[in-house]
Amino acid sequence: MKTLYLIDGYAQFFRAYHAIRTRMTSPVTGEPTNMTFGFVGMLLKLLKRDAAQLKGDGDPAYLAVALDVSGDTGTFRSTLYPDYKANRDAPPEDLGPQVDRALKILEILGVPVIGAEGFEADDIIATIASTYSKRHPDIRVRIISKDKDLKQLLGEGTPPTEMYDIHTDVLITEQTLKDELGITPAQVIDMLALMGDTIDNVPGVIGIGPKTAAQLIAEYGTLDAVVKAAEEGKIKGKRGENILAARDQLPLSKQLVSLRHDAPIDLDLDKARTDNLKLADLMPVLRELGFNRYQDELKALLGENLPEPTAKDAKPVQHPGSAFGTLFEQAAQRAVEAADGDYHTITTRKELDTLVQRMKSAEVVAIDTETTHIRPMLAQLAGVCIGVKPGEGFYIPVRSPDPKSHLDETTVIDALKPVLEDPAVAKVGHNLKFDMNVLRNAGVRLAGHLPDDDRPAAGDTMVASYVLDAYRSSHSMDALAMALLDRQNISIKDLIGSGKNQKRFDEVPLEQAGPYSAEDADVTLQLDLALTKELAAEPTLQKLYREVEMPLVDVLAELEYNGVLVDPGELDRQRERLQARIDGLTKEIDDAAMKALGRTFDYNSPKQLAEALFNSPEHEEKPGLGLKPLKKTKTGFSTDAEVLDKLALDDSIDTPIPRLILEYRQLSKLVNTYLVALKDEIHPVTKRIHASFNQTVAVTGRLSSSDPNLQNIPIRTDIGRDIRKAFVAPPGHVLITADYSQIELRVLAHLSQDPALIAAFHAGEDIHTAVAAQIHGVPTAEVTREQRSGAKMVNFGIVYGVTPFGLARRLGVSNTEAADIIDGYKKRFANITTFLDECVQQAEDRGFVETMLGRRRPIPEIESNNPQRRALAERTAINSVVQGSAADLIKLAMIDLHRRIREASGSDPLAGTKMILQIHDELVFETPEDKADDAISVIVERMEAAMDLRVPLQVDAHAGKNWYEGK
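In structure tokens:
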């Protein structure tokens, strides 16, 4: 018998998550894995049940996963009843990433994932069960669930639909339902309506649970008959009274629990066949996640011996217990063990000199540093790791618990400096800019790391991985070793521990530190060989790597080393000023609360604030203002910034509480997140903030910053912009801020070749006014402020897939008016519409899109049957091309200016200039005050010439004593 298995995705995700409460993490990526472990175990157990079908030896089996897809207004049930599922708590923070990982696993396997906007997974399952039982009478539908709502589907079709609880190995049929509850599947809906559902917030009859509801339906036959019996006094006492009290809402409850059979979905059975699953492709994922037990199960399932990992593998241990026994055992946790390889710790001058000679003659030298701190500008060198041949590695300690057992830092650096600074000796590292600045602080300027035809193996393996596959879940050395080398490295946590008991690396005994460190160099070398080969097979990506991303490593290392000078006194002055206002606000809020409510409340508590705003004034315990709630979350009425802003602007509300709370929150965030935190980030010696600039994080190619994130410093309000006053130039210098104007719109004009947009840029017109004139068919002089605002929103939103709903919210107009604006834009700028469609088509045809320089962004969700995920994929495809191309352009400008600055000397306008920050489309420089005007001219000239587009690039640049004045 052919079998179609249908899985409610989120139901299984939650069940697996709560089955293992002990925190589990991947030994490679560090991501949480307890839910993923349980879900993969469920899939493998299901596939093992039908192993013969899986191998194609029997009638085929089919498998699909159904997901809830909420539209802009939720599901059709929340439209019927806004309080539907209102009692549900927000999902745990560590569940979201695991859901993403589980969906990725389903994608790798080739399991169809199906959803439809506005419908829940149960409706998808109901639609498939009813449709396919009619289309394919030779297929039995089996639902992997024990959910009571789905029992209304039992017995449907021929052969009859069944349910299967895979965790307890229990089959649920029409007969078992009859035996258990005494009702038929057709009566389940009436039973559910009568009992209600506290989890989904479906109203029912007070005091009636599942057993009583089933008994009443079994006795009287239908819900209407039960109500009639209560009306006639046949159901007596409190139960009868409760039924009568609830009778008006029971039809609604029945609608809410009734599954729809008309979801707009389609399932391709050929794609759902289990014998077409790409099971072998799952093996690298299992290794990366540390699911060693499942690797053995997968091999057995495939009936063949897959190649073993090339290095030591994890040893599984049993979880002490879980709700589902052996199905949810703990993932393997690897103990510290010696690394596989010919690894040496260099402790004598003779050994060091011999190694230096080998480095000089090596084709490429792998370089890594071990340090006392994770931030390079705060770190001291603990040792240098060197690799000269695959399978071999060396560690040269300079700090350890036993300093007399090895060479000192001066001796080691003096010996290594000539070869490390020799550009003729090719170097490769992993996250090389970290090592470059550690070595720079030790007196070494690394050279020979930029790849070219003479040094093809030079480079950075983390950056190479990012260029080849920006969508990879992690570019860490451990993750890449597992993915590319089938190798599990020694974990750093095994050496230094974690939390308050964590040690510095120089406190680790050499017998442990040596193998770990030498392995780092060896693995870097082996990864380099693999990634260099992959890049050679992709000429466009190789060019991007060599000419953009690797030169950018030098630029970012320089930015991080330079840092930006910060005035702590200015931070203190701003903090004191804002704190005084915050103290005043607390009194104003309390006074306003006493006047309006007759009580005070904790305005730092969203729950108490919601009660104060939305409870009725007549509420016995906690009277409120009785305002109309604007938005609801799973935990109650929302009091987020959007809600408070709307309430503050509502003239009909005669209390200042919403406005005061909004200001209190904004000021508190400025003080705690920026003014206090930024002061803590000032380097004790340089007095600068040395942020990290992340090159391998954003899949679009954009840069980000961290420790601290300077890109998040607010600029939309005057009080937020004031924070920039604390970022200052040293005496005799100024800060220059150079900002690309409307860079993404200019890139869009170039890529789309739209004549109207190109003409507007060449004419030097205000682009938003020009676009508004085109949309509305009026002269530019007659464009109203509202029309320009609408055009501006569309201009900036078009590459993000702006919708009428989203535009309407931003502009405060109706959905119809917003749709008219978007339609007018698409008609007037037809080439842009064509270009956007071509981006989506490229994603469909190739599975990825490319920027102007050939950077790839995989779009796997473009094939999704889930309409919501598909729509997001289309928006992502468009945005990635435009935003990624703009990111490429800015990187080219940074590389060019970096080279220009390094070459400058004497009277050159850029002599003495430092590039210190990159913030989105903006570059910040520190330059001698007497050269500021000339420096601005050169900077603007070089930035505007970074890329040859069909429209002119425009850069706005200004100088000032601080970042605020420079802007």
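To convert, note that position 659 of the sequence shown is 659 in the numbering used here; the numbers rise steadily by one, no gaps.
Glycine included, every Cβ here is placed at the ideal spot set by N, Cα and C.
Computed from a predicted model, the values in this text were never measured in an experiment.
- Cβ neighbour criterion (16 or more within 10 Å) applied to residue 424: exposed
- Query: For residue 121, which residues of its own chain have a beta-carbon under 8 Å away from its beta-carbon, when the five flanking residues on both sides are left out?
  - Reply: 8, 9, 10, 11, 66, 67, 68 and 115
- Let me know if residue 426 comes out buried or exposed under the rule of 16 or more other beta-carbons within 10 Å of its beta-carbon. buried
- Does the Cβ of residue 660 have 16 or more other Cβ atoms within 10 Å, making it buried, or fewer, making it exposed? buried
- Provide the residue span of the alpha helix (DSSP H) that contains residue 98, from first to last. 95-109
- Using only alpha-carbon positions, find the residue among 159, 559 and 748 that is nearest to residue 891. 559
- Task: Tell me whether residue 212 counts as near the ligand HEM, meaning its Cβ is closer than 8 Å to at least one heavy atom of that ligand.
- Result: Absence of the ligand HEM from the depicted structure is noted, as is the absence of any ligand whatsoever, leaving it without description.
- Task: Rounded to whole angstroms, what's the CA-CA distance from residue 339 to residue 515? Just pull it up for me.
- Result: Here the model assigns residue 339 a pLDDT of 46, short of 50, so the residue's position is not dependable and the matter cannot be decided.
- Straight-line gap, residue 886 to residue 849 (C-alpha atoms, nearest Å): 14 Å
- Item | Terminal residues of the alpha helix (DSSP H) in which residue 793 lies | 785-797
- Rounded C-alpha distance that separates residue 623 from residue 596: 10 Å
- Is residue 774 helix, strand or coil by DSSP? helix
- Tell me, to the nearest whole angstrom, how far the beta carbon of residue 269 is from that of residue 5; I am working on the premise that it is less than 8 Å. Their Cβ separation, rounded to whole angstroms, is 12 Å, which puts residue 269 and residue 5 out of contact at 8 Å.
- Message: By alpha-carbon positions, which one of 478, 687, 422 and 410 ends up nearest to residue 431?
- Response: 478
- Message: Give me the residue from 918, 904 and 919 with the minimum Cα distance to residue 912.
- Response: 904
- Buried or exposed: residue 982, going by 16 or more other Cβ atoms within 10 Å of its Cβ? The question about residue 982 has no answer, for the chain in this structure spans 1 to 967.
- Query: Where are the alpha helix (DSSP H) runs, 4 residues long or more, that stay fully inside the stretch 627-669, in chain order?
  - Reply: 641-649 and 657-669
- Message: Measuring straight from C-alpha to C-alpha, what distance separates residue 927 and residue 525?
- Response: 40 Å
- Message: For a test of the three-state rule: what should DSSP assign to residue 344, helix, strand or coil?
- Response: strand
- Query: Cβ of residue 893 within 9 Å of Cβ of residue 946?
  - Reply: yes
- Message: Checking the sheet assignment: what are the DSSP bridge partners for residue 849?
- Response: 857
- Task: Enumerate, from N- to C-terminal direction, the unbroken alpha helix (DSSP H) stretches of 4 or more residues contained entirely within the stretch 444-506.
- Result: 461-468, 477-485 and 492-496
- Task: Can you give me the Cβ contacts of residue 390 inside the same chain, cut-off strictly under 8 Å, excluding the 5 residues immediately before and after it?
- Result: 522, 525, 526 and 529
- Length-filtered (3 minimum) beta strand (DSSP E) runs lying within the stretch 152-187: 162-165 and 170-172
- Message: Please state the DSSP three-state secondary structure of residue 138.
- Response: coil
- Query: Nearest CA to the CA of residue 458: which residue from 484, 429 and 882?
  - Reply: 429
- Message: Applying the 10 Å Cβ sphere with the 16-neighbour rule, what's the burial state of residue 103?
- Response: buried
- So, helix, strand or coil for residue 968, using DSSP? The question about residue 968 has no answer, for the chain in this structure spans 1 to 967.
- Item | residue 365 versus 492, 456 and 411, residue with shortest Cα-Cα distance | 456
- Item | Buried versus exposed call for residue 171 [16 or more other C-beta atoms within 10 Å across all chains shown] | exposed
- Item | Local Cβ density within 10 Å of residue 584, reported as buried at 16 or more and exposed below that | exposed
- Quick one: what's got a C-beta closer than 6 Å to residue 874's C-beta in the same chain, skipping five residues either side? 840
- Query: On the premise that residue 395 lies in contact with residue 699, defined as a C-beta separation below 8 Å, what is that separation, rounded to the nearest angstrom?
  - Reply: Actually they do not touch by this definition, with Cβ atoms about 34 Å apart.
- Return helix, strand or coil for residue 336, following the three-state DSSP convention. Note that residue 336 has pLDDT 34, beneath the 50 cutoff, so the model's placement of it is unreliable and no number is given.
- Query: Looking at residue 352 and residue 298, is the spacing between their C-beta atoms short of 9 Å?
  - Reply: no
- Task: Determine the burial state of residue 1: buried for a count of at least 16 other Cβ atoms within 10 Å of its Cβ, exposed for fewer.
- Result: exposed
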